[in-house]
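One structure is given here, and the rest of the page talks about it.
Numbering (our numbering), first residue to last: 22 to 479.
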């Protein structure tokens, strides 16, 4: 099981929320310690008041003091005179002893030499309380044992049991209120703030990733808005500069290739004239064939460049009318092309370029199979135009490469049948410019299925 999130958003949320929860746990542990002292405060102050009263009584009536102590005995309170107090037990709490000393001083008593020998919180069943007893005072009592010097070698030893006397809520109510306010609400606020902060931080990165993906489909896409924090504006500015450099470099390469291809026409024409002057018929035929191939490659290169250069206006296209027009053109040439299905709504795109892509796919099908079937599937999400034939198909290991410029197959789909390896490449380039893609697969029983897939949401 993978616990560490794969996304940057998830990792930042885990770090922020985990850190805040850890801080809350630390805060809770501090509260837990403070709560123990709070649970003892009232019993200790009551004990201080009783001790102070007995000290004052001893000062006023030292002779009658032993009898007065006996008269004060009751369940939960016992005071005796002893020669020396016992040692503190394992429940000794220095913080509670300091609180007791301050309380005695506040009430005018003598805290000199005062010892808190034992302190325990016990529930109604006389068992030492756990965490639940620290949330409320109901049923929770403090068992105290303390000793104070009276002078002349005698000590006043007091054993008493005192309740809280300050809470009317049940343990469950106080615990739920504590968990709700101290943990749940705070953690909820922290999580919401963490999600908001992480979303604000990750949003520009996600926007940049989408822009980079869209750039691969349409290099002429609008530039990123240079807004937001300084770092975001800097990244958007660098991205836009990169896009402009790509456009410039690609344009330069295309213009250079077009110029070279165009300039080759003149020497090819001169070679044709000189070929006709050859007396050897065999050599003349071979030269003609080579020149035909060269001229075909030049023409194909110029066609590829023109197909990649989408300088026409983008508009809503009637795909049904476009396919019907192409179907009629092929029928005039005696090729069997059928169309089934309909596009439910226009497609935003470049008219001549889309016609060129469909024409290339149909020409391939007619060239290698003698005919084609066109299937249209349209939905709210995507438009699919499938061109199917029953030709020789494409070897599976070459399906990924046939859309590369000038890549030709060595079998029946090759240049000997009239192709120069640019038709599918042009179709793919045009599909990408329409935020779509070209998909190729071999059909069962033989043949090829070429699908132009256009995203309706693009």
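All C-beta atoms, glycine included, are put in the ideal place defined by N, C-alpha and C.
**Prompt:** Can you tell me whether DSSP reads residue 334 as helix, strand or coil?
**Reply:** Look at residue 334 here: in three-state DSSP terms it is coil, with no helix or strand label.
**Prompt:** beta strand (DSSP E) containing residue 110: first to last residue?
**Reply:** Here residue 110 belongs to no beta strand (DSSP E), and DSSP marks it neither H nor E.
**Asked** In three-state terms, what does DSSP make of residue 464?
**Response** Three-state result, residue 464: coil.
**Request:** Give the straight-line distance between the Cα atoms of residue 390 and residue 218, rounded to the nearest whole angstrom.
**Result:** Residue 390 and residue 218: Cα-Cα distance of roughly 59 Å.
**Asked** Leaving out the 5 sequence neighbours to the left and right, which residues in its chain are closer than 8 Å to residue 119 when beta-carbon positions are compared?
**Response** Within the same chain, residue 119 has no close Cβ partners at all.
**Asked** Would the beta-carbon of residue 289 fall within 8 Å of that of residue 316?
**Response** With a cutoff of 8 Å on beta-carbon distance, residue 289 and residue 316 are scored as near each other.
**Message:** Quick check: the Cα distance between residue 243 and residue 372, rounded to an integer number of angstroms?
**Reply:** Approximately 20 Å between the Cα atoms of the pair.
**Item:** Complete beta strand (DSSP E) runs within the stretch 379-416 (minimum length 3 residues, chain order)
**Value:** List check, beta strand (DSSP E) in window: 392-399, 403-409.
**Request:** Starting from residue 353, follow the alpha helix (DSSP H) in both directions and report where the run begins and ends.
**Result:** Per DSSP, residue 353 is one residue of the alpha helix (DSSP H) stretching across 340-353.
**Message:** Less than 8 Å between the C-beta atoms of residue 230 and residue 245, yes or no?
**Reply:** The Cβ atoms of residue 230 and residue 245 do not sit closer than 8 Å to each other.
**Message:** Let me check one thing: in DSSP terms, what residues is residue 182 bridge-paired to?
**Reply:** Residue 182 is bridged by DSSP to 164.
**Request:** Going by DSSP, name the residue or residues bridged to residue 476.
**Result:** Beta-bridge partners assigned by DSSP to residue 476: 403.
**Request:** Leaving out five residues on either side along the sequence, give the residues of the same chain with a beta carbon under 6 Å from the beta carbon of residue 66.
**Result:** Excluding its 5 nearest sequence neighbours in each direction, residue 66 has C-beta neighbours in its own chain below 6 Å: 124, listed in chain order.
**Message:** For residue 126 and residue 88, what's the separation of their Cα atoms in angstroms?
**Reply:** Those two C-alpha atoms are separated by around 26 Å.
**Message:** Tell me the rounded alpha-carbon separation between residue 306 and residue 387.
**Reply:** Rounded to whole angstroms, residue 306 to residue 387 spans 28 Å at the Cα level.
**Request:** Could you tell me the boundaries of the alpha helix (DSSP H) in which residue 242 lies?
**Result:** Residue 242 -> no alpha helix (DSSP H), and no H or E assigned at all.
**the stretch 103-110 contacting the stretch 125-144, beta-carbon criterion three pairs below 8 Å** = Under the 8 Å Cβ criterion, the stretch 103-110 counts as touching the stretch 125-144, having at least three qualifying pairs.
**Message:** To the nearest angstrom, how far is the alpha carbon of residue 351 from that of residue 392?
**Reply:** Near 9 Å, if we compare the C-alpha coordinates of residue 392 and residue 351.
**Message:** Just verifying my parser: in three-state terms, what is the DSSP assignment at residue 105?
**Reply:** Residue 105 falls in the coil class under three-state DSSP.
**Asked** Over what stretch of residues does the alpha helix (DSSP H) that includes residue 140 continue unbroken?
**Response** Annotation: residue 140 is outside any alpha helix (DSSP H); the continuous beta strand (DSSP E) that includes it extends over 136-143.
**Message:** Per the DSSP calculation, residue 98 is bridged to which residue(s)?
**Reply:** According to DSSP, which records beta bridges pairwise, residue 98 is partnered with 95, 181.
**Item:** Bounding residues of the alpha helix (DSSP H) (the contiguous stretch that carries residue 454)
**Value:** DSSP places residue 454 inside the alpha helix (DSSP H), whose first and last residues are 444-454.
**Asked** Counting Cβ pairs, one atom from each stretch, are 3 or more of them under 8 Å apart for the stretch 291-307 and the stretch 258-268?
**Response** Judged by Cβ distances under 8 Å, the stretch 291-307 makes no contact with the stretch 258-268, as fewer than three pairs qualify.
**Prompt:** In terms of DSSP beta bridges, what is residue 358 paired with?
**Reply:** As DSSP reads the structure, residue 358 sits in a beta bridge with 393.
**Asked** Which first and last residues belong to the alpha helix (DSSP H) in which residue 120 is found?
**Response** 115-127 is the extent of the alpha helix (DSSP H) around residue 120.
**Message:** Assuming contact is defined by CB atoms lying nearer than 8 Å, are residue 179 and residue 167 in contact in what I supplied?
**Reply:** By the CB criterion at 8 Å, residue 179 and residue 167 fall inside the cutoff.
**Asked** In this structure, does DSSP put residue 130 in helix, strand or coil?
**Response** For residue 130, the secondary structure class from DSSP, reduced to helix, strand or coil, is coil.
**6 Å Cβ shell around residue 38 - same chain, five flanking residues per side excluded** = Non-local beta-carbon contacts of residue 38 in its own chain, meaning distances under 6 Å to residues more than five positions away in sequence, involve 212, 215 in chain order.
**Message:** Is it buried or exposed, residue 399, if we count other Cβ atoms within 10 angstroms and call 16 or more buried?
**Reply:** Residue burial is scored here from C-beta neighbours: residue 399 has at least 16 other C-beta atoms within 10 angstroms and is therefore classed as buried.
**Prompt:** How long is the line joining the alpha carbons of residue 407 and residue 354, rounded to whole angstroms?
**Reply:** Residue 407 and residue 354: Cα-Cα distance of roughly 21 Å.
**Prompt:** residue 163 to residue 102, Cα distance in whole Å?
**Reply:** One C-alpha to the other measures close to 22 Å.
**Request:** Could you tell me if residue 414 is buried or exposed, where buried requires 16 or more neighbouring beta carbons within 10 angstroms of its beta carbon?
**Result:** That one is buried.
**Request:** Could you tell me whether the Cβ atoms of residue 409 and residue 363 are closer together than 8 Å?
**Result:** In this structure, residue 363 does not lie closer than 8 Å to residue 409 by Cβ.
**Item:** Enclosing alpha helix (DSSP H) for residue 420 [first to last residue]
**Value:** Careful: residue 420 lies outside any alpha helix (DSSP H) and carries neither H nor E.
**Asked** Taking Cβ positions, are residue 473 and residue 457 nearer each other than 8 Å?
**Response** A contact, by the Cβ cut-off of 8 Å.
**Request:** Decide if the stretch 29-38 is in contact with the stretch 85-100; the criterion is three or more beta carbon pairs, one per stretch, under 8 Å apart.
**Result:** Below 8 Å, too few C-beta pairs join the stretch 29-38 and the stretch 85-100 to call them touching: fewer than three.
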